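**Q** Residue numbers (the numbering used here): 28 to 177.
We treat Cβ as the ideally placed atom computed from N, Cα and C, and that holds for glycine.
Here the structure is a predicted model, which is why all the values come from computation and not from measurement.
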């Protein structure tokens, strides 16, 4: 068995109006999140983000479409520790966002997700089970709201 690398991406997919795409985890029904996924050997972070978005939603985007936040979250691995090498306890998550033109139908990876929904940013943040996902959505919403006020 090959183990997952404990370096991942979190990609907040949103519209210009801040409708946020959330996905329900197949292995943990009732838990909602943005696109996430582990880096593969030899892959840079943008390529990880592009691959995970394509695999989990069917959305094809160029590297230039992703905005890296230069924000890294470190968190304890709790949901799937068996997928990492023995003794691996923490994951380093790199945050990106991807603005899409409008709310649209997405194609889910059936082995990873049960459902999807688009929610206004505050509702999306409240629906996330992960603190890092919630905080990223709140930061995006506040950033876009303050930019609109100026």
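Please classify residue 109: is it buried, with 16 or more other beta-carbons within 10 angstroms of its beta-carbon, or exposed?
**A** For the purposes of this step, residue 109 is identified with residue 82 of the chain shown, where counting begins at 1. When all chains shown are included, residue 109 counts as exposed.
**Q** I'd like to check one pair, residue 157 with residue 66: are the Cβ atoms closer than 9 angstroms?
**A** Taking the first residue of the chain shown as position 1, residue 66 is located at position 39. Taking the first residue of the chain shown as position 1, residue 157 is located at position 130. In this structure, residue 157 does not lie closer than 9 angstroms to residue 66 by Cβ.
**Q** Indicate whether residue 99 and residue 70 have their beta-carbon atoms separated by less than 9 angstroms.
**A** Locating residue 99 in the chain shown gives position 72, where the first residue counts as 1. Locating residue 70 in the chain shown gives position 43, where the first residue counts as 1. The answer is no: Cβ separation not under 9 angstroms.
**Q** Distance, Cα to Cα, residue 173 vs residue 79?
**A** The count along the chain shown starts at 1 and reaches residue 173 at position 146. The count along the chain shown starts at 1 and reaches residue 79 at position 52. Roughly 30 angstroms separates the two Cα atoms.
**Q** How is residue 114 classed by DSSP in three states: helix, strand or coil?
**A** Indexing the chain shown from 1 puts residue 114 at position 87. Coil.
**Q** Which one or two residues does DSSP pair with residue 147 in a beta bridge?
**A** Translated into positions along the chain shown, residue 147 becomes position 120. The partner list for residue 147 (beta bridge, DSSP) reads 46.
**Q** Within its chain, find whatever has a CB closer than 8 angstroms to the CB of residue 117; leave out the 5 residues flanking it on each side and keep chain order.
**A** Stepping through the chain shown from its first residue, residue 117 is reached at position 90. So the list reads 33, 101, 102, 103, 104, once near-sequence residues are dropped.
**Q** Beta-carbon separation of residue 63 and residue 160 under 9 angstroms?
**A** By one-based count along the chain shown, residue 63 stands at place 36. By one-based count along the chain shown, residue 160 stands at place 133. Yes, they are a contact pair.
**Q** On the premise that residue 141 lies in contact with residue 56, defined as a C-beta separation below 8 angstroms, what is that separation, rounded to the nearest angstrom?
**A** Position 29 of the chain shown, counted from the start, is the residue given in the question as residue 56. Position 114 of the chain shown, counted from the start, is the residue given in the question as residue 141. Indeed they touch by this definition, with Cβ atoms about 6 angstroms apart.
**Q** In this structure, does DSSP put residue 122 in helix, strand or coil?
**A** Numbered from 1 along the chain shown, position 95 holds the residue referred to as residue 122. Residue state, collapsed to three classes: strand.
**Q** Here's a check: name, in chain order, each residue in its chain whose Cβ is nearer than 6 angstroms to the Cβ of residue 52, leaving out the five neighbours to either side.
**A** Position 25 of the chain shown, counting from 1, holds the residue named residue 52. Here the set comprises 58.
**Q** Could you tell me the distance, in whole angstroms, from the CA atom of residue 77 to the CA atom of residue 134?
**A** For the purposes of this step, residue 77 is taken as the residue at position 50 of the chain shown. For the purposes of this step, residue 134 is taken as the residue at position 107 of the chain shown. Each residue's Cα considered, the two are about 15 angstroms apart.
**Q** Apart from the five residues on each side of it in sequence, which residues of its chain come closer than 8 angstroms, Cβ to Cβ, to residue 155?
**A** As a working mapping, residue 155 is identified with position 128 in the chain shown. Closer than 8 angstroms at the Cβ level, and outside the excluded window around residue 155, lie 49, 59, 60, 61, 161, 164.
**Q** Mind checking residue 124: buried by the 16 CB within 10 Å criterion, or exposed?
**A** As a position in the chain shown, residue 124 is number 97, starting the count at 1. Classification of residue 124: buried, given that the 10 Å Cβ count is 16 or more.
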